[in-house]
Amino acid sequence: MTNPLQMESKTVLVTGASSGIGQSAAILLSQLGARVILTARNQERLRETLGAMEGEGHRLAPFDLGRVEEIPLWLRQLVQETGPLDGLVCSAGISSLRPLRMVDTAHAEEVMRINYHAAVALASTFCRKEVRRPESSVVLVASVAGLLGVAARSAYSGSKGALIAFARSAAVELAPAGVRINCVAPGYVKTEMHDSAMRELSPEKMEALVRATQPLGLGKPLDVAHAIAFLLSGASRWITGSVLAVDGGYTAQ
Amino acid sequence: MNKDAFYLKMDELLEAAAGTVQGSSALANLEDWNSLAVIGFIAMVDTEYGVSLPAKAILSCRTVDDLAALVAEAPRA
Numbered sequence: 051m052t053n054p055l056q057m058e059s060k061t062v063l064v065t066g067a068s069s070g071i072g073q074s075a076a077i078l079l080s081q082l083g084a085r086v087i088l089t090a091r092n093q094e095r096l097r098e099t100l101g102a103m104e105g106e107g108h109r110l111a112p113f114d115l116g117r118v119e120e121i122p123l124w125l126r127q128l129v130q131e132t133g134p135l136d137g138l139v140c141s142a143g144i145s146s147l148r149p150l151r152m153v154d155t156a157h158a159e160e161v162m163r164i165n166y167h168a169a170v171a172l173a174s175t176f177c178r179k180e181v182r183r184p185e186s187s188v189v190l191v192a193s194v195a196g197l198l199g200v201a202a203r204s205a206y207s208g209s210k211g212a213l214i215a216f217a218r219s220a221a222v223e224l225a226p227a228g229v230r231i232n233c234v235a236p237g238y239v240k241t242e243m244h245d246s247a248m249r250e251l252s253p254e255k256m257e258a259l260v261r262a263t264q265p266l267g268l269g270k271p272l273d274v275a276h277a278i279a280f281l282l283s284g285a286s287r288w289i290t291g292s293v294l295a296v297d298g299g300y301t302a303q
Numbered sequence: 010m011n012k013d014a015f016y017l018k019m020d021e022l023l024e025a026a027a028g029t030v031q032g033s034s035a036l037a038n039l040e041d042w043n044s045l046a047v048i049g050f051i052a053m054v055d056t057e058y059g060v061s062l063p064a065k066a067i068l069s070c071r072t073v074d075d076l077a078a079l080v081a082e083a084p085r086a
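One line per chain: the protein sequences are A and B, in this order.
Quick note: to get our numbering, add 50 to the position in the first sequence (first position is 1).
Quick note: to get our numbering, add 9 to the position in the second sequence (first position is 1).
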């Protein structure tokens, strides 16, 4: 039987692969047969991800994506060693939970640098012919906060909304070249980033918030990883420039 | 920890005139001490004092000096 999500003989770069959604995506893609290149700052934690993966030929590529200006050269050199990529998953990101009055330029720029500019630099380098295969796919991990309003999330929302708008125009531009680019927009998912942000809410408030906003409750990283795998695979070959909400019904209300 | 400087930062957080917040001020009586201010407080102490505080501990505080003690006792990042 054919598996429309199969990723055999495909090479995919996953950023943010040391935790949360990126880690889950890397593991799932390996189970689907892909060769995965894992990127994050922390090599030890990338090793933990690698230890949970299946198959052979995976590779660690630790890098600090905050060094945005160095991304093009880093990625081009990396691909000289790995061969061209079939897919790119931009899952590295930082959370920001603070009242708008406290969002100064330095904070807004830091959030944009990691959440937006790094993804733009990665996608811009990925679309070069020597970096990717003719039929390839980029998945950007945005957020429901990029689709609707959430208090104390303005800087974060801005960065995620920017990703969504970027993906649409890039998708139109890159379609003739065979490159698709889509976003997933996760709702509240149980990840370390989420746990760290939600330390700022009491457990009772957190539970009430999730119940009120997501009819299907709190998501798991694997719920989002499944959507990422779909958007990377040939099963989504006619989909580009889209935003797939993976949010337990958050945006349905 | 310089408590006077801490009180001034609380004034700034709550958009109150300098000198409004006192150590003995009850949080429940402070105008604008609400859930958004709690989030702002967490961001402020992270930036200014390098400490990461859970909301639960903050919500258990009754006075501004309780908050000051929480910050003073928290491990620095």
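Where a beta carbon is used, it is the ideal one built from N, C-alpha and C, also for glycine.
Only counting the same chain, and skipping five residues up and downstream in sequence, which positions put a Cβ closer than 7 Å to that of Ala111 of chain A?
Counted from its first residue, the first sequence places residue 111 of chain A at position 61. Same-chain partners within the cutoff: Ile87, Leu88, Thr89 and Leu128.
Taking the DSSP output, what are the residues bridged to Thr65 of chain A?
Along the first sequence, read from residue 1 onward, the residue named residue 65 of chain A stands at position 15. Note: Thr65 of chain A sits in a beta bridge opposite A:Thr89 and A:Cys140.
Could you check whether the Cβ of Pro54 of chain A sits closer than 8 Å to any Cβ belonging to chain B?
Within the first sequence, numbered from 1, the residue matching residue 54 of chain A stands at position 4. Not one chain B Cβ lies under 8 Å of Pro54 of chain A.
Distance cutoff 8 Å, beta carbons only. Does Leu39 of chain B sit that close to anything in chain A?
Translated into positions along the second sequence, residue 39 of chain B becomes position 30. No, no contact with chain A.
Through-space distance from Leu198 of chain A to Lys150 of chain A, alpha-carbon basis:
Stepping through the first sequence from its first residue, residue 150 of chain A is reached at position 100. Stepping through the first sequence from its first residue, residue 198 of chain A is reached at position 148. Sequence check: residue 150 of chain A is Leu here, not Lys. Roughly 16 Å separates the two Cα atoms.
Could you name the residues of chain A that Leu45 of chain B contacts, counting a contact when the two beta carbons are closer than 7 Å?
Taking the second sequence and counting its residues from 1, the one referred to as residue 45 of chain B is at position 36. Simply Pro149, Ala201 and Ala202.
Report the three-state DSSP secondary structure of Val234 of chain A (helix, strand or coil).
Here residue 234 of chain A corresponds to residue number 184 of the first sequence, with the count starting at 1. In this structure, Val234 of chain A counts as strand in the three-state DSSP scheme.
Inspect the CB distances between the segment 214–232 of chain A and the segment 177–195 of chain A and report whether three or more fall short of 8 Å.
yes
Is DSSP giving Glu180 of chain A helix, strand or coil here?
Position 130 of the first sequence, counted from the start, is the residue given in the question as residue 180 of chain A. Note: Glu180 of chain A maps to coil in three-state DSSP.
Check whether the Cβ atoms of Val54 of chain B and Leu62 of chain B sit closer than 8 Å, and answer yes or no.
The residue you call residue 54 of chain B lines up with position 45 of the second sequence. The residue you call residue 62 of chain B lines up with position 53 of the second sequence. Result yes, Cβ atoms of Val54 of chain B and Leu62 of chain B sit closer than 8 Å.
In the DSSP output, what is Ser187 of chain A paired with across the bridge?
Position 137 of the first sequence, counted from the first residue, corresponds to residue 187 of chain A. A:Gly137 and A:Arg230, per the DSSP bridge assignment.
Please report whether the beta-carbon of Gly59 of chain B lies at a distance below 8 Å from any beta-carbon of chain A.
In the second sequence, the residue the question calls residue 59 of chain B occupies position 50. No, its Cβ sits nowhere closer than 8 Å to a Cβ of chain A.
Is there at least one non-hydrogen atom of the ligand PLP closer than 7 Å to the beta-carbon of Pro184 of chain A?
This structure lacks the ligand PLP, and indeed carries no ligand of any kind.
Do you know whose CA, among A:Ser146, A:Lys240 and A:Ala227, lies nearest Cys177 of chain A's CA?
Taking the first sequence and counting its residues from 1, one reaches residue 177 of chain A at position 127. For Cys177 of chain A, the nearest C-alpha among the options comes from A:Ala227.
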